[in-house]
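Throughout, my numbering is defined as the position within the sequence shown, counted from one, plus 5. Taking it in order: structure first as structure tokens, then the write-up.
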Amino acid sequence: MTLAQIQLPPSGWSIELTKDDIERFDFVKQVSRRLETAGEVVWLSIRDGERTWCAKERNTTVWGNAVLDGSPFDLLMPFAPVFLRHVAGLVIESNMCTLKVSPDQKVCIVSSGAEEVHGDIPVEWMPSDLEFGNDGDISINLNSMQARRLGELINDWPGPVDKDEYPNFLAPFVVIEVGDEKMTCTMDWSRYGGRANTLVFAINATPHLKFECDAYVLGHGLTENFSQEDWAMTLSSTNPTHLAVYNSEIGFSVTLERECVALVREQIENELKLLDLEVKEWNIESSHPIVHITYESTQMEIVIIPDKTGHDDYIRVTMCVASGVSNNLATLQEVNNFNEARLGQKYVMNGDSIFLVTDIATTAISELFSIIITMASQWADLSVLFAMLKD
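Right, dumping it as structure tokens:
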């Protein structure tokens, strides 16, 4: 289902809210990390007689199916979490409340007897596409106890972590590998001085696949909920972009991403924006994630070199300065001679091509802007310099 625009109900419309609604709203709010202080919202969707609470952040879509709704109207309404939190107290006290909208469609009103809760409708929020996608040819089934154990493994921090010691702290992503009728799930805290913990489940036969995703979403989604049902996990074996985890009551979809990319993605992309460059896609299938750019007609690659032990991840910028070069001892010696004269950069031969390479620490990404400009300015002269090595 895709939700594209706000649809408020007509005057005189009302529905009954129950504990089921509150449970699903609370699940959606917690897993999607809605921030009341930032004015973020949770959406109520009614489509084809089905009532769904949902929310979306950058890498997560979360939903809860409350009831088969008898409302004759389709709608999509935003709610402030702080308003629904007050409504929750009223619903719990009364078991059931009535939700309606003011005649001017600016205020939500929830009532039980003579008691009412009023809240402005935050209509300034426009919904993202909320795709409740559970498509995928790989399907993994977990019973409720397996799902909870997996969530607890993910949520278990190895004691206090001094975030100030790590300038770009990000909790480890969960690494999941499926195949040979088993699923292996690992949380590796070695980046922050901890250890790796792994859980292995026997599952239905699946193709071999390994992926990473945001541990917060998966851990809290499997533990901070009311559901006693079993769970299904689905993803594509050919182009896995997201993992969907759901049952008949609730569910969430999380984007698959490499931890090493998530650590620096925003910083790198902000540097590239200074050069009017936009990253359309990261290649994360290789061991070293890559993004391709073209600046001033010069093609380059930005490569993330992850270091499992913690402080030593770095960024490598590469630019081809010659191709069709004989790969022999004489050429390699020439390359070494050129390297002796360079500081902060080096030439690397790969196959029949020679690359200029600059490495920077992830703590120095602010230098990326000037490095790209400098390397692009060197390309013409270096191409002439290395032309003599061609056949």
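Backbone N, C-alpha and C fix where the C-beta goes; we use that ideal spot for every residue, glycine too. None of these values were measured; they are calculated from a predicted model.
When the Cα atoms are used, E345 and L337 turn out to be separated by approximately 13 Å.
The region 167 to 179 makes contact with the region 256 to 270: 3 or more CB pairs, one atom from each, lie closer than 8 Å. Bounds of the alpha helix (DSSP H) holding M380 are L373 to A392. In the three-state reduction of the DSSP assignment, H225 falls in the helix class.
For E283 and N275, the gap between their C-alpha atoms comes out near 9 Å. In the structure shown, the three-state DSSP call for L95 is helix. Within the same chain, and ignoring the five residues on either side of S16 in sequence, the residues whose Cβ sits closer than 7 Å to its Cβ are P108. Measuring C-alpha to C-alpha distances from P86 to each of T203, K105, V47 and G198 identifies V47 as the nearest.
Spatial neighbours of V92 in its own chain (CB-CB distance under 6 Å, excluding positions within 5 residues in sequence) are listed in chain order as V115 and V122.
If you draw a 10 Å sphere on the C-beta of G256, you find 16 or more other C-beta atoms in it, and that means buried. Judged by DSSP secondary structure, S37 falls within the alpha helix (DSSP H) whose first and last residues are K24 to S37. Per the DSSP secondary-structure output, Q272 pairs with nothing in a beta bridge. Uninterrupted beta strand (DSSP E) stretches at least 3 residues long and entirely within the region 248 to 311 occur at 255 to 260, 295 to 300 and 303 to 310, given in chain order. With 16 or more other Cβ atoms inside 10 Å of its own Cβ, T65 counts as buried. Classified as exposed, D312 has fewer than 16 neighbouring CB atoms from the shown chains inside 10 Å of its CB. The continuous alpha helix (DSSP H) containing A335 extends over residues L334 to E345. Per DSSP, reduced to three states, the secondary structure at S358 is strand.
By the neighbour-count criterion, in which a residue is buried when 16 or more other Cβ atoms sit within 10 angstroms of its Cβ, K61 is buried.
By the neighbour-count criterion, in which 16 or more other beta carbons inside 10 Å mark a residue as buried, V33 falls on the buried side. A residue is called buried when at least 16 other Cβ atoms come within 10 angstroms of its Cβ; T243 does not meet this threshold and is exposed. Checking the DSSP bridge columns, you'll see N146 partnered with A237.
Under the DSSP assignment, H123 falls in the beta strand (DSSP E) whose first and last residues are E120 to D125. Annotated three-state conformation of I208 is coil, per DSSP. Under DSSP, no beta-bridge partner is assigned to E45.
Y319 is bridged by DSSP to I310 and A366.
Its chain contains V166 as the residues whose beta carbon lies nearer than 6 Å to that of Y197, once the 5 sequence neighbours on both sides are disregarded; these appear in chain order. In the structure shown, Y197 falls within a helical segment according to DSSP collapsed to helix, strand and coil. For the options E120, I126 and G199, the alpha carbon positioned closest to that of P83 is the one of I126. Between the alpha carbons of T363 and P212 lies a gap of roughly 38 Å. Counting C-beta atoms within 10 angstroms of its own C-beta, V259 has 16 or more neighbours from the protein chains shown and is therefore classed as buried.
Going by DSSP, I114 is part of the beta strand (DSSP E) stretching over V112 to S117. Burial is judged here by how many other beta carbons sit within 10 angstroms of a residue's own beta carbon; W236 has at least 16 and is buried.
In the DSSP assignment, R56 falls within the beta strand (DSSP E) that extends over E55 to K61.
Residue range M101 to V106 is occupied by the beta strand (DSSP E) that includes K105. By the neighbour-count criterion, in which a residue is buried when 16 or more other Cβ atoms sit within 10 angstroms of its Cβ, A220 is buried. Here the alpha carbon of S358 sits roughly 13 Å from the alpha carbon of M393.
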